[in-house]
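**Q** The structure's right below; bear with me while I get my questions together.
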Amino acid sequence: MATDNTINAGASSKIDQEMDDRGPSELQLAWRELLKRPPALFGVFVIITAILWALVPGLFSPHDPLLQDLERYLKPPGFVDAAGNTYWLGTDQLGRDIVSRIIWGSRVSLSVGFAAVFVSGSIGIGLGLIAGYFGGKVDAVISRIVDAVLAIPFVLLAISIIAILGASLQNIVLAIALRTWTVYTRVVRGEVFALKESDMVTAARASGCGTLRIMLIYLLPNAFSSCIVVATIYLGRMIIIESSFSFLGMGVPPPTPTWGGMLAEGRGFLDTAWWLTLFPGVALTVTVLGVNLLGDWLRDVLDPRMKRLDD
Amino acid sequence: MRAFIIRGLMQSLIVLWVVLLIVFLMLHMTGDPADVLMPEEATMEEVAEFNKEMGFDKPIYVQYFNFLFGHEKNLGVLRGDFGDSYYHNVPAMGLVTERIPATVILAVVALLVGLVIAIPAGILSAVFRKTWIDHFSSVLSMAGQSIPNFWLGLMLIILFSEILGWLPTSGYREAKSIVLPALAAGLYATARIMRMMRSTLLEVMAQDFVNTARSKGVSEALVIGRHALKNAAIPVVTIIGLELGGLLSGTVVIEVVFAWPGVGWLVVESINANDYPVVQAAVALLSFMFVGVNLAVDILYAWLDPRISYS
Numbered sequence: 000m001a002t003d004n005t006i007n008a009g010a011s012s013k014i015d016q017e018m019d020d021r022g023p024s025e026l027q028l029a030w031r032e033l034l035k036r037p038p039a040l041f042g043v044f045v046i047i048t049a050i051l052w053a054l055v056p057g058l059f060s061p062h063d064p065l066l067q068d069l070e071r072y073l074k075p076p077g078f079v080d081a082a083g084n085t086y087w088l089g090t091d092q093l094g095r096d097i098v099s100r101i102i103w104g105s106r107v108s109l110s111v112g113f114a115a116v117f118v119s120g121s122i123g124i125g126l127g128l129i130a131g132y133f134g135g136k137v138d139a140v141i142s143r144i145v146d147a148v149l150a151i152p153f154v155l156l157a158i159s160i161i162a163i164l165g166a167s168l169q170n171i172v173l174a175i176a177l178r179t180w181t182v183y184t185r186v187v188r189g190e191v192f193a194l195k196e197s198d199m200v201t202a203a204r205a206s207g208c209g210t211l212r213i214m215l216i217y218l219l220p221n222a223f224s225s226c227i228v229v230a231t232i233y234l235g236r237m238i239i240i241e242s243s244f245s246f247l248g249m250g251v252p253p254p255t256p257t258w259g260g261m262l263a264e265g266r267g268f269l270d271t272a273w274w275l276t277l278f279p280g281v282a283l284t285v286t287v288l289g290v291n292l293l294g295d296w297l298r299d300v301l302d303p304r305m306k307r308l309d310d
Numbered sequence: 000m001r002a003f004i005i006r007g008l009m010q011s012l013i014v015l016w017v018v019l020l021i022v023f024l025m026l027h028m029t030g031d032p033a034d035v036l037m038p039e040e041a042t043m044e045e046v047a048e049f050n051k052e053m054g055f056d057k058p059i060y061v062q063y064f065n066f067l068f069g070h071e072k073n074l075g076v077l078r079g080d081f082g083d084s085y086y087h088n089v090p091a092m093g094l095v096t097e098r099i100p101a102t103v104i105l106a107v108v109a110l111l112v113g114l115v116i117a118i119p120a121g122i123l124s125a126v127f128r129k130t131w132i133d134h135f136s137s138v139l140s141m142a143g144q145s146i147p148n149f150w151l152g153l154m155l156i157i158l159f160s161e162i163l164g165w166l167p168t169s170g171y172r173e174a175k176s177i178v179l180p181a182l183a184a185g186l187y188a189t190a191r192i193m194r195m196m197r198s199t200l201l202e203v204m205a206q207d208f209v210n211t212a213r214s215k216g217v218s219e220a221l222v223i224g225r226h227a228l229k230n231a232a233i234p235v236v237t238i239i240g241l242e243l244g245g246l247l248s249g250t251v252v253i254e255v256v257f258a259w260p261g262v263g264w265l266v267v268e269s270i271n272a273n274d275y276p277v278v279q280a281a282v283a284l285l286s287f288m289f290v291g292v293n294l295a296v297d298i299l300y301a302w303l304d305p306r307i308s309y310s
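Taken in order, these protein sequences are the chains called B and E.
The first sequence begins at 0 in numbering that gives the first Met the number 0 and counts up one residue at a time.
The second sequence begins at 0 in numbering that gives the first Met the number 0 and counts up one residue at a time.
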């Protein structure tokens, strides 16, 4: 993966230089397109905010997310303590500040989300390239494995695996990726099937390109835009899945704040302290909504075939 | 048709075999089942004693054979015997089958609620494309795909149980206690079926025979009702079947939120109690149902659409 990215980055920066003399670059064009679509722009804003929160939570978080103080437990939003500190979204059952916990909680959600997309994407794209390029028996075997994986009830299996291996960031990503690689395999396989008989690939083969080179330089970049679309759509789902694992107590263990874990703790106070469950859920929903809105737009821009009559 | 069904059955059997293999390997994933099952402070002698008693000291292929076909008092999983629950000391399978009706009822009601909303909304937004009806339902469907269902469940409890006091927060005995869990569980399926209904209907309505019918002077209501809907039914029926399969195994978190006594809740309880025979039995049985529903959908699909070749 890393090598493909450097190859792509190298190629596109060269193109950018050439494009500067000719007019707006692809990036500039994409930005102009984005401005025309407010929901997608909102999505970009949400994702950038969430990423900033996850990278440098200390800059945004008004209090220590782990600092307990039973003098101020379960205080409603807007509570001001004796020292004059304001708790905008209230405090939880241990007196911890909800705003700070939400900001720090973005770390787990985003890192699991991105890592799961990266791991499942790498496996899935690799197998998809192999299945599509070689076809025949290789393809049959890979496709049957995909069918089998899709027929296994995923959530139950994933939580059992996490329970046995232990709840850590790494195992959660593994359990999620176990299933989601199949999506990429299907998409890439289809794209490669369509491309491998094209003149471009025939010419490359005739000029002596090796199999790996054809896959990485000719086939992968052409299948990549569909993969970006799938990855964005699945990023939202990964984030929801992570939060439901955390909610069930199978996520990153406390005291690390996670949105799902906050919801699980708040569940005991539904009748007295609604702010414990409302705000982390809003953060979760808005993040996923942002990702989905961006995904919808990317699908329309990058992959008109997937769009069909959807708009 | 018969060959098609036989092939589907064979594929399903292979999938189930893979599932059973995973279920068997579950306890061996950490390398040593005693790691998972025994308390950390157990002495070497206790672990050795335990391994001997459970048969974990035998070679793994012997254990696998015994797991499938049974040994001593155990009948083997092929005859539905997953051993006794460590916690309740009764057959694990019995505990799981007791909980099946609750899960099935929840899945079916959730799907029905989803259909009642999704089918009319999908048809209306296709017919009144690009009007406020269409925009409104696309916002709903976007929300449905972005809101985590268990959080929606918590919010429904706060609104309808705690504030308004109309519906119970949990339970199983009264008919009205299913309303909130079904709404929350059906959310995602509703959004997906709505989208599918809309895009399929739009696709069908763009076809020649619909234009022909229109040009013959058939009324718009009849065009949609008779010609278009009939042809849009096939993909929609398929996705409904797939959603039912997903709901059967995917309501774990909802069951926990509403203390709904289904298989999902049982699995979470059993994982927390280290009661692995029950977890294994539940994963195997739900996979069995899931694969069965998928096979039924495939056959139904082939039966509905004469263009599908059976070879």
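In this text, a Cβ means the ideal position worked out from N, Cα and C, and glycines have one as well.
Quantities reported herein were computed from a predicted structural model and do not represent experimental measurements.
Return helix, strand or coil for B:THR286, following the three-state DSSP convention.
**A** What you label residue 286 of chain B is simply residue 287 of the first sequence in a count that begins at 1. It is helical.
**Q** Note down the Cα distance separating E:ARG314 from E:THR199, rounded to an integer number of angstroms.
**A** Given a span of 0 to 310 for chain E in the structure shown, any question on residue 314 of chain E remains unanswerable.
**Q** Compute the Euclidean distance between the alpha carbons of E:ALA142 and E:LEU151, then round it to the nearest angstrom.
**A** One-based indexing of the second sequence puts residue 142 of chain E at position 143. One-based indexing of the second sequence puts residue 151 of chain E at position 152. Approximately 11 Å between the Cα atoms of the pair.
**Q** Is B:LEU73 closer than 8 Å to B:THR276 when the C-beta atoms are compared?
**A** Numbered from 1 along the first sequence, position 277 holds the residue referred to as residue 276 of chain B. Numbered from 1 along the first sequence, position 74 holds the residue referred to as residue 73 of chain B. Not a contact, by the Cβ cut-off of 8 Å.
**Q** Please say whether B:LEU292 and B:ALA39 have beta carbons closer to each other than 8 Å?
**A** As a working note, residue 39 of chain B is residue 40 in the first sequence. As a working note, residue 292 of chain B is residue 293 in the first sequence. Yes, they are a contact pair.
**Q** To the nearest whole angstrom, what separates the beta carbons of B:SER60 and B:TRP103, a pair I think is in contact under 8 Å?
**A** The sequence position of residue 60 of chain B within the first sequence is 61, counting from 1. The sequence position of residue 103 of chain B within the first sequence is 104, counting from 1. The pair is a contact, with the Cβ atoms about 6 Å apart (cut-off 8 Å).
**Q** Determine which residues share a DSSP beta bridge with B:THR85 and list them.
**A** Looking up residue 85 of chain B in the first sequence gives position 86. B:VAL79.
**Q** Determine the chain E residues that contact B:SER159 at a beta-carbon separation under 7 Å, and present them in chain order.
**A** Looking up residue 159 of chain B in the first sequence gives position 160. Result: MET25, ILE270, VAL278 and VAL282.
**Q** Quick one: list the residues of chain B neighbouring E:GLY249, beta-carbon separation under 7 Å, in chain order.
**A** Residue mapping note: residue 249 of chain E aligns to position 250 of the second sequence, counting from 1. Residues of chain B passing the Cβ test: VAL154.
**Q** Mind pulling the alpha helix (DSSP H) runs of 4 or more residues that sit fully within the region 117 to 153 of chain E?
**A** Here the runs fully enclosed are 131 to 145.
**Q** My understanding is that B:ALA115 touches B:VAL172, with C-beta atoms under 8 Å, so please give their C-beta distance in whole angstroms.
**A** Position 116 of the first sequence, counted from the first residue, corresponds to residue 115 of chain B. Position 173 of the first sequence, counted from the first residue, corresponds to residue 172 of chain B. Yes, they are in contact, since the Cβ atoms of B:ALA115 and B:VAL172 sit about 5 Å apart, within 8 Å.
**Q** Count the other C-beta atoms from every protein chain shown that fall within 10 angstroms of the C-beta of B:LYS385, then say buried if there are 16 or more, exposed otherwise.
**A** Residue 385 of chain B is absent from the structure shown; chain B starts at 0 and stops at 310.
**Q** Just confirm the distance between the C-beta atoms of E:SER140 and E:LEU123, as a whole number of angstroms; I'd bet it's less than 8 Å.
**A** Within the second sequence, residue 140 of chain E is the residue found at index 141, counting from 1. Within the second sequence, residue 123 of chain E is the residue found at index 124, counting from 1. That pair is no contact at about 12 Å.
**Q** Below 6 Å CB to CB, which residues in the same chain sit around E:GLY77 once its five sequence neighbours on both sides are set aside?
**A** The sequence position of residue 77 of chain E within the second sequence is 78, counting from 1. Looking at the sequence provided, one finds Leu at residue 77 of chain E rather than Gly. For E:LEU77, where only same-chain residues beyond five positions count, the Cβ hits under 6 Å are LEU67.
**Q** Please report whether the beta-carbon of E:TRP264 lies at a distance below 8 Å from any beta-carbon of chain B.
**A** Counting from 1 along the second sequence, the entry for residue 264 of chain E is found at position 265. No, its Cβ sits nowhere closer than 8 Å to a Cβ of chain B.
**Q** Figure out for me which residue from B:ALA139, B:GLY83 and B:LEU93 has the closest Cα to the Cα of B:GLU70.
**A** Translated into the one-based positions of the first sequence, residue 70 of chain B becomes position 71. Ranking the options by Cα distance to B:GLU70, first place goes to B:LEU93.
**Q** State buried or exposed for E:GLY249, treating a residue as buried only when at least 16 other CB atoms are found within 10 Å of its CB.
**A** The sequence position of residue 249 of chain E within the second sequence is 250, counting from 1. It counts as buried.
**Q** If B:VAL228 sits next to B:LEU297, beta carbons under 8 Å apart, how far is it from one beta carbon to the other, in whole angstroms?
**A** Within the first sequence, the letter at position 229 stands for residue 228 of chain B. Within the first sequence, the letter at position 298 stands for residue 297 of chain B. That pair is a contact at about 5 Å.
**Q** What are the boundary residues of the alpha helix (DSSP H) that E:ASN88 is part of?
**A** Against the second sequence, residue 88 of chain E aligns to sequence position 89. No alpha helix (DSSP H) contains E:ASN88, which DSSP labels as neither H nor E.
**Q** Are the C-beta atoms of B:ASP309 and some chain E residue less than 8 Å apart?
**A** Position 310 of the first sequence, counted from the start, is the residue given in the question as residue 309 of chain B. In this predicted model, B:ASP309 has a pLDDT of only 41, less than 50, meaning its place in the structure is not dependable; the value taken from the coordinates is given anyway. B:ASP309 counts as touching chain E.
**Q** Using a Cβ-Cβ distance under 8 Å, would E:PRO147 count as near chain B?
**A** Here residue 147 of chain E corresponds to residue number 148 of the second sequence, with the count starting at 1. Closer than 8 Å: yes.
**Q** Along chain B, in chain order, which residues have C-beta atoms closer than 8 Å to that of E:MET154?
**A** Taking the second sequence and counting its residues from 1, the one referred to as residue 154 of chain E is at position 155. Within 8 Å Cβ-Cβ: THR276, LEU277 and GLY280.
**Q** Below 8 Å on C-beta distance, what does B:ARG266 contact in chain E?
**A** Within the first sequence, the letter at position 267 stands for residue 266 of chain B. In chain order: LEU153 and VAL256.
**Q** To the nearest angstrom, how far is it from the Cα of E:VAL235 to the Cα of E:LEU111?
**A** To locate residue 235 of chain E, count along the second sequence from 1; it is residue 236. To locate residue 111 of chain E, count along the second sequence from 1; it is residue 112. Rounded to the nearest angstrom, the two C-alpha atoms are 14 Å apart.
**Q** Taking the straight line between their C-alpha atoms, what separation do you get for B:THR284 and E:PRO147?
**A** What you label residue 284 of chain B is simply residue 285 of the first sequence in a count that begins at 1. What you label residue 147 of chain E is simply residue 148 of the second sequence in a count that begins at 1. Taking the straight line from one Cα to the other gives about 7 Å.
**Q** Which stretch, first to last residue, makes up the alpha helix (DSSP H) that contains E:VAL61?
**A** On the second sequence, residue 61 of chain E is found 62 positions in, with the first residue counted as 1. That run of the alpha helix (DSSP H) goes 59 to 68.
**Q** Are the Cβ atoms of E:ASP316 and E:PRO276 separated by less than 8 Å?
**A** Residue 316 of chain E cannot be examined here, being either before or after the span of chain E that is shown, 0 to 310.
**Q** Hey, how far is the Cα of B:PHE244 from the Cα of B:ARG204?
**A** Residue mapping note: residue 244 of chain B aligns to position 245 of the first sequence, counting from 1. Residue mapping note: residue 204 of chain B aligns to position 205 of the first sequence, counting from 1. Answer to the nearest angstrom: the Cα atoms are 47 Å apart.
**Q** Which word fits E:ASP274, buried or exposed, when buried means at least 16 other C-beta atoms lie within 10 angstroms of its C-beta?
**A** Indexing the second sequence from 1 puts residue 274 of chain E at position 275. Buried, since its Cβ has 16 or more Cβ neighbours within 10 Å.
**Q** Have a look at B:GLY250, B:VAL107 and B:ARG143 and flag the residue whose alpha-carbon is nearest the alpha-carbon of E:VAL14.
**A** Residue numbering aside, residue 14 of chain E sits at position 15 when the second sequence is read from its first letter. The shortest C-alpha separation from E:VAL14 is found at B:ARG143.
**Q** According to the neighbour-count rule (16 or more other Cβ atoms, all chains shown, within 10 Å of its Cβ), is B:VAL290 buried or exposed?
**A** Your numbering for residue 290 of chain B matches position 291 in the first sequence. Its Cβ being crowded by 16 or more others within 10 Å, B:VAL290 is buried.
**Q** At what residue ranges does the region 21 to 60 of chain E contain a whole run of the alpha helix (DSSP H), taking only runs of 4 or more?
**A** Counting whole runs of 4 or more residues, the region 21 to 60 of chain E contains the alpha helix (DSSP H) stretches 32 to 36 and 43 to 53.
**Q** Could you pull out every residue in the same chain whose Cβ sits closer than 6 Å to the Cβ of B:ILE141, ignoring the five residues on either side in sequence?
**A** Residue numbering aside, residue 141 of chain B sits at position 142 when the first sequence is read from its first letter. These residues qualify, in order along the chain: LEU126 and ALA130.
**Q** Which of the three DSSP states, helix, strand or coil, is assigned to B:ARG90?
**A** Here residue 90 of chain B refers to the residue found at position 91 of the first sequence. At residue 90 of chain B the sequence reads Thr, which differs from the Arg that was named. Looking at B:THR90 - three-state DSSP - the assignment turns out to be strand.
**Q** Counting contacts by CB-CB distance shorter than 8 Å, is B:LEU247 in contact with chain E?
**A** If you number the first sequence from 1, residue 247 of chain B lands on position 248. Cβ-Cβ to chain E under 8 Å: yes for B:LEU247.
**Q** Hey, could you find the ends of the alpha helix (DSSP H) B:PRO220 is sitting in?
**A** Your numbering for residue 220 of chain B matches position 221 in the first sequence. First-last of the alpha helix (DSSP H) with B:PRO220: 219 to 246.
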